[in-house]
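Engineer: The structure under discussion is supplied below as structure tokens; questions concerning it will follow.
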Amino acid sequence: MATASVTSSTAGRLLGTARLPLSIFAFLALGLGVLGIDQFVNAMTLGAIYALVALGYTMVYGIIELINFAHGDVFMVGSFVAMFISSSLLGNEGSITNVPLLGVSVLVLFALTIGVMALLGALIERLAYRPLRRAPKLAPLITAIGVSFILQNLIQFFFGPTIVTVPQLVPIEWSIQVSGSRVPLLNLFVIASSVILMVALQLFISRTRTGRAMRTTSMDRDASSLMGVNINRTIMITFLIGSGLAGAAGVVHGLYYGNTNYSLGFQSGLKAFTAAVLGGIGNTAGAALGGFLIAFVEVGASAFGYGRWGGAVVFSLLVIFLVFRPTGLLGSHTGDRA
Amino acid sequence: MSRISTALSAPFAPVRAYFRKHRSFGIFVGVALLSIALPLLTRVPPFDGIQSTNAWVNAFTTAAIYAMLAMGLNVVIGFAGLLDLGYAAFFALGGYTYAFVASPFTGVHLPFWPMLLAGGVVGAIFGVLLGAPTLRLRGDYLAIVTLGFGEIVPITLMNADKFTDGVNGIGGIDKPSIPGILQFTLTNPWPMYGLVIALFALIMIMIYRLQDSRIGRTWDAIREDELAAESSGVNVVIAKLQAFAVGASIAGIVGVVNAAKITIVTPDQFRFAVSISVLAAVVLGGMGNTIGVATGAFVIYLFQSILLKQLNTLVENFNIPVLNQIDFLDFQYVLYGIVLVLMMLKRPQGIFPARRRMREFAPLKIGKRGLK
Amino acid sequence: MLRARGVTRKFGGLIAVNSVDFEIPRGSISAIIGPNGAGKTTFFNVIAGIYAPTAGTIELDGKPLISPPTGAGREPILLILPTIPFIALAIYSLLVVGGDTGLVEGVASVAAALLGFVGALLLNIIRPAWYNRLIKRIGVTRPARPNDMVVAGLARTFQNIRLYKSLTTLENILVGMHVHMHGSFLGALFKSRLVREEEAAAEQRARELLAFVDLAGMENELAKNLPYGKQRLLEIARAIASRPKLLLLDEPAAGMNPRETEEMTALIRRIRDELGITILLIEHDMRVVMGISDHITVLDHGEKIAEGLPKAIRTNPKVIEAYLGRGAAAGH
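Chains as they are written, first to last, in the working numbering: chain C, 1 to 338; chain R, 339 to 710; chain X, 711 to 1042.
What follows is the structure, encoded as structure tokens:
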């Protein structure tokens, strides 16, 4: 899954490893130059959220070659669960200025939401996808879209079609000065927590036994099954992790925007999927990169006064990439024709 | 059970044989009979108590429009095996096409009849526009691209308010008329009913003919095995484009009719939920079975627009405290999702499976004749 | 009839087929044999248009059929070329002019760019002859596609039978006839006389073909319900339906019992004798190969190590070494 692109020569391999940090650096510099510091921080924050959601898409696609249409809605449900836990269970109404208390609350919020969402993701996999693993390809795609629709409308049913407020635990007044601009700590917190999660995921995939099982399963399911990998368990874990990350994205979204609504998953889901394709579907590092890229495109579009057209721009990007470079920027997964 | 049904249908065998030979005529007769029987049925209890016959006829008209969409989508999903999740976008394009050339908004008033064809052409053009870059890709990528397209079209219609009057949509669209003979009105649902039913029969006949043609066979082949189809000389991309264009043009035509029926188009009428409801009809009726999906569409439409509405009034009348708060119409969307998931898990061949698909999902059996 | 010159195919660093020269005389039954991993299937797939060769050409009846693709990088330029002025206009009006005036022009030019792009893409998909000539002039040779090979007169079967499983045997054959039917879209919609006659003739011909491979009476049986041996026969019939000059058979006798194998051998001979179709086959079963081939080519490690009449191949020391050296059973 997270393997770098295969190149034949040593020089090529070196270039391959250096390519990622180099392109990230160039990309950040370009973003900062074009957008200015305020918009740059905005884009990074939005990008962090997209990246977390995109990871779930890319992991699931990598392992069972299914576009999990329900994933965007898992993210949306995550934001509602976070809202519920934060306001009802923990009784928060607004920001918390007491630093230790804030830390504990945020940690509890993350832990609970991630746990609940991971379970939901695994449940969906067990009930809706696993029975169809050997079915014609159309079948799980249709179920996925059905699950997405059920989640969306159940949430709408319980919470209504309007925007729902979420307590913003980290005070928005807290900020630091960076070259004359005020950068809210909240943004930095969002970016930092996402990056920590992504690094943790990378370590998990590359260092642990389960992570290795995930990688081999994505390469050849039957072979790894013969090698003693428990396929069902591995796929289940992939869904647990992917949905957990979507839950984390839900928490972060709530903290940052202070609201959520039932249709959040659909729009963000499409963008996050585009991010996954941009980075090379099946490639976790690529998905993270793609998430930030999409955010920059979107923030850039609104900086030029075409905020309303952000969706259209992102969608065009998706089509262009699919046509000219279906393997994405860092694609390791072959974009073979079905 | 099958023995009983064979016994029951035995006397009809000659009739069946006749219509199998003259299928187009059979469809024509069947649809005509049904279109007379349905309004008659609404005159008897319990249906007459629910709403007036005119309202019923209006509902049947909408159901038939919905059924035509399902038949069109079935060409794409059921025949060619391509998942199109943005079907409502083509429906929207047909509707707006007619709205542009027959409303006070632009001041142009072209006659309805040629625009039916124009709607189909516009649908086909956009189908090709979307399909050409994407049909070479994996099937699941197509699903996400159509999903995005289905989302972008209403957003564009909403945001490009200079051309489309944004969320308000375009109203006051001309009703069709046959000069000197018949002027369609909003109050009299019958002419529209007749038009829609005739179109319904026509589209069904056309789809059946296409399915049986050389082109229909290429769709079967690529659904079954793309590499084998290529090795049989089928140009896979062109065959897919054809399926996509046929589906889109049917949606375009139906869009024109729908716009003329309700005389207003707004971006809101073409949201993602519409695509999903049509998909649900196709899945419910059985992918690949034209009559099945049309029936599926009727069932879903009548269920949501009559039964759920009735449930609302029922609960209101009895004044049940908790249930009173609930608008059962909200359930229709959850219903689509449940239909999609349950059907795929439990009965992928649909409630009314096509003979062909029934075999496809049936377990393997050894040939009757076996080895000699 | 078919002539391969220096055909090479590499996968990354691996050379699967290395500079193979090869010729099939018209009306012959030729075979390619070789131990596992010798590159037989790769070579076969190059001829069938599934893999493009890395080097070398293949001619059919003296006309070039397949050559390595060149200038692949140049083709996207052709796709983008018609859109460039509009994209420039779009950027100018959206980003430089901006505002409401810019938006209108910008959207219009984006739409125009899209139309240009899709138009170019359609040409690319449909590949009309003049378009192919045009791109040849700028140095683009495109990889052959399997369906083009069928039109050129090649038909094939697969090692692991690929039928249209839930279509009937008759429908399977009718799909095979696709390239020789000309019923148009409108013709199908209005069921023109031409289409009706063509369909009737095709069905008649399909029944004859089924009878030819001894599947008469099974017209309405589903392909997946046929026993294994009959599925092989059906696949061959489907391939013949496209009226090929050359029929490529990929292990036609694989998994068959001796009796079925014998029938298959007889059928292959009949296809050549009665239908006049030249045949090239890959086969593991030496009895089949030695029994029916006029001409045998032996591949090992992607290279041609021997060719000639069955008798000569049987005693060729290189061939025996290639087989026995790996502990595989030699065919004698």
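Even glycine gets a Cβ: it sits at the ideal position worked out from N, Cα and C.
Check for me: the beta strand (DSSP E) holding SER181/C runs from which residue to which?
Structural biologist: Sequence index remark: in the first sequence, residue 181/C carries index 181 (1-based). From DSSP, the beta strand (DSSP E) with SER181/C extends over 181-184.
Engineer: Classify PHE721/X as helix, strand or coil using the three-state DSSP reduction.
Structural biologist: For this step, residue 721/X is matched to residue 11 along the third sequence. Looking at PHE721/X - three-state DSSP - the assignment turns out to be strand.
Engineer: Hey, could you find the ends of the alpha helix (DSSP H) SER613/R is sitting in?
Structural biologist: What you label residue 613/R is simply residue 275 of the second sequence in a count that begins at 1. Note, SER613/R: alpha helix (DSSP H), 610-623.
Engineer: Which whole-angstrom value is the C-beta distance of VAL166/C and LEU185/C, which I expect to be below 8 Å?
Structural biologist: Locating residue 166/C in the first sequence gives position 166, counting from the first residue. Locating residue 185/C in the first sequence gives position 185, counting from the first residue. About 18 Å; that fails the 8 Å criterion.
Engineer: So the alpha helix (DSSP H) HIS253/C belongs to, where does it begin and stop?
Structural biologist: By one-based count along the first sequence, residue 253/C stands at place 253. Unbroken alpha helix (DSSP H) run through HIS253/C: 231-257.
Engineer: Should LEU468/R be listed as close to the ligand FMN, given that the test is whether its C-beta is under 7 Å from any heavy atom?
Structural biologist: Among the components of this structure there are no ligands whatsoever, and the ligand FMN is therefore not found.
Engineer: Is there a Cβ of chain X sitting closer than 8 Å to that of GLY571/R, yes or no?
Structural biologist: The sequence position of residue 571/R within the second sequence is 233, counting from 1. Cβ-Cβ to chain X under 8 Å: yes for GLY571/R.
Engineer: Taking just the CA atoms, how far does ARG953/X sit from MET715/R?
Structural biologist: Any answer about residue 715/R is impossible in this case: the structure gives chain R only from 339 up to 710.
Engineer: Does the segment 317-329 of chain C come into contact with the segment 481-493 of chain R, if we say contact requires no fewer than three beta-carbon pairs (one atom in each stretch) closer than 8 Å?
Structural biologist: Yes, the segment 317-329 of chain C touches the segment 481-493 of chain R.
Engineer: Just verifying my parser: in three-state terms, what is the DSSP assignment at ARG869/X?
Structural biologist: Against the third sequence, residue 869/X aligns to sequence position 159. Note that residue 869/X is Gln in the sequence shown here, rather than Arg. Looking at GLN869/X - three-state DSSP - the assignment turns out to be coil, as it is neither helix nor strand.
Engineer: Does the separation of the CB atoms of GLY433/R and GLY593/R fall below 8 Å?
Structural biologist: Position 95 of the second sequence, counted from the first residue, corresponds to residue 433/R. Position 255 of the second sequence, counted from the first residue, corresponds to residue 593/R. Yes, these two residues count as a Cβ contact at 8 Å.
Engineer: Check distances from the C-beta atoms of the segment 359-382 of chain R to those of chain X and list, in chain order, the residues that come in under 9 Å.
Structural biologist: Of all residues in the segment 359-382 of chain R, SER362 have a Cβ within less than 9 Å of some Cβ in chain X.
Engineer: Hey, quick one: how far does the beta strand (DSSP E) through ILE1006/X stretch, first residue to last?
Structural biologist: Taking the first residue of the third sequence as position 1, residue 1006/X is located at position 296. Residues 1005-1010.
Engineer: Kindly indicate the opening and closing residues of the beta strand (DSSP E) around GLN642/R.
Structural biologist: As a working note, residue 642/R is residue 304 in the second sequence. No beta strand (DSSP E) contains GLN642/R, which DSSP labels as neither H nor E.
Engineer: Go through its chain and collect everything with a Cβ distance to ALA822/X's Cβ below 6 Å, but skip five positions before and after it.
Structural biologist: Position 112 of the third sequence holds residue 822/X. Excluding residues within five positions, the ones whose Cβ falls inside 6 Å are PHE796.
Engineer: Select from ILE739/X, ILE725/X, SER740/X and ASP771/X the residue whose C-alpha is nearest the C-alpha of THR752/X.
Structural biologist: Translated into positions along the third sequence, residue 752/X becomes position 42. Residue ILE725/X is the option with its Cα nearest to THR752/X.
Engineer: Assuming MET117/C contacts GLY78/C under a Cβ cut-off of 8 Å, what Cβ separation, rounded to an integer in Å, is found between them?
Structural biologist: To locate residue 117/C, count along the first sequence from 1; it is residue 117. To locate residue 78/C, count along the first sequence from 1; it is residue 78. Going by Cβ atoms, the distance from MET117/C to GLY78/C rounds to 5 Å, so yes, they are a contact pair.
Engineer: So, are the CB atoms of ALA947/X and LEU925/X less than 8 Å apart?
Structural biologist: Taking the third sequence and counting its residues from 1, the one referred to as residue 947/X is at position 237. Taking the third sequence and counting its residues from 1, the one referred to as residue 925/X is at position 215. Yes, the Cβ-Cβ distance between ALA947/X and LEU925/X is below 8 Å.
Engineer: Helix or strand or just coil, what does DSSP make of LEU263/C?
Structural biologist: Residue numbering aside, residue 263/C sits at position 263 when the first sequence is read from its first letter. Sequence check: residue 263/C is Ser here, not Leu. It is coil, neither helix nor strand.
Engineer: Could you tell me which residues DSSP pairs with ILE989/X in its beta bridges?
Structural biologist: Stepping through the third sequence from its first residue, residue 989/X is reached at position 279. Bridge partners of ILE989/X: ILE739/X and LEU957/X.
Engineer: Residues in the same chain with beta-carbon distance under 7 Å from ARG221/C, minus the five sequence neighbours each way, listed in chain order, please.
Structural biologist: Taking the first residue of the first sequence as position 1, residue 221/C is located at position 221. Within the same chain, ARG221/C has close Cβ partners ILE231.
Engineer: Determine the direct distance from the alpha carbon of MET996/X to that of ALA963/X, and round the result to whole angstroms.
Structural biologist: Taking the first residue of the third sequence as 1, we reach residue 963/X at position 253. Taking the first residue of the third sequence as 1, we reach residue 996/X at position 286. Distance between the alpha carbons of ALA963/X and MET996/X: 10 Å.
Engineer: If you measure between the beta carbons of PHE641/R and LEU473/R, is that distance less than 8 Å?
Structural biologist: Here the question's residue 641/R lines up with position 303 in the second sequence. Here the question's residue 473/R lines up with position 135 in the second sequence. No, the Cβ-Cβ distance between PHE641/R and LEU473/R is not below 8 Å.
Engineer: Could you tell me the alpha carbon to alpha carbon distance between TYR671/R and SER194/C, rounded to whole angstroms?
Structural biologist: On the second sequence, residue 671/R is found 333 positions in, with the first residue counted as 1. On the first sequence, residue 194/C is found 194 positions in, with the first residue counted as 1. Approximately 33 Å, taken between the alpha carbons.
Engineer: Starting from GLN177/C, follow the beta strand (DSSP E) in both directions and report where the run begins and ends.
Structural biologist: Here residue 177/C refers to the residue found at position 177 when the first sequence is read from its first residue. Where GLN177/C is concerned, the enclosing beta strand (DSSP E) stretches over 175-178.
Engineer: Is it true that the segment 999-1011 of chain X meets the segment 760-770 of chain X, where meeting means three or more beta-carbon pairs spaced less than 8 Å apart?
Structural biologist: Result no; under three Cβ-Cβ pairs closer than 8 Å.
Engineer: Would you identify the three-state DSSP class for ALA70/C, choosing helix, strand or coil?
Structural biologist: Counting from 1 along the first sequence, the entry for residue 70/C is found at position 70. Reduced to three states, the DSSP call for ALA70/C is coil.
Engineer: Run through the DSSP bridge pairs and tell me what LYS1014/X is partnered with.
Structural biologist: For the purposes of this step, residue 1014/X is taken as residue 304 along the third sequence, with counting starting at 1. Paired residues: LEU1009/X.
Engineer: In the DSSP assignment, find the unbroken alpha helix (DSSP H) run with THR216/C in it and report its ends.
Structural biologist: Locating residue 216/C in the first sequence gives position 216, counting from the first residue. Unbroken alpha helix (DSSP H) run through THR216/C: 209-219.
Engineer: Work out the CA separation of GLY816/X and ILE801/X for me, nearest whole Å.
Structural biologist: To locate residue 801/X, count along the third sequence from 1; it is residue 91. To locate residue 816/X, count along the third sequence from 1; it is residue 106. Rounded to whole angstroms, ILE801/X to GLY816/X spans 7 Å at the Cα level.
Engineer: Identify each residue in the segment 478-489 of chain R for which the Cβ-Cβ distance to at least one residue of chain C is less than 8 Å, and report them in chain order.
Structural biologist: Listed in sequence order: ASP478, TYR479, ALA481, ILE482, VAL483, LEU485, GLY486, PHE487 and GLU489.
Engineer: By the 10 Å Cβ neighbour count, where 16 or more other Cβ atoms means buried, how is TRP394/R classified, buried or exposed?
Structural biologist: Taking the second sequence and counting its residues from 1, the one referred to as residue 394/R is at position 56. It counts as buried.
Engineer: Please classify ALA213/C as buried or exposed, where buried requires at least 16 neighbouring CB atoms within 10 angstroms.
Structural biologist: On the first sequence, position 213 is the one that residue 213/C refers to. ALA213/C should be labelled buried.
Engineer: What does DSSP give as the partner residue(s) for GLU568/R in the beta ladder?
Structural biologist: Counting from one through the second sequence, the residue named residue 568/R turns up at place 230. According to DSSP, which records beta bridges pairwise, GLU568/R is partnered with nothing at all.
Engineer: Whole angstroms are fine: how far does the CA of ILE1015/X sit from the CA of ASN1026/X?
Structural biologist: Residue numbering aside, residue 1026/X sits at position 316 when the third sequence is read from its first letter. Residue numbering aside, residue 1015/X sits at position 305 when the third sequence is read from its first letter. Computed Cα separation, rounded: 10 Å.
Engineer: Please list the partners that GLY311/C has in chain R, where partner means a Cβ-to-Cβ separation under 8 Å.
Structural biologist: For the purposes of this step, residue 311/C is identified with residue 311 of the first sequence, where counting begins at 1. Within chain R, the residues near GLY311/C are GLU489, ILE490 and ILE493.
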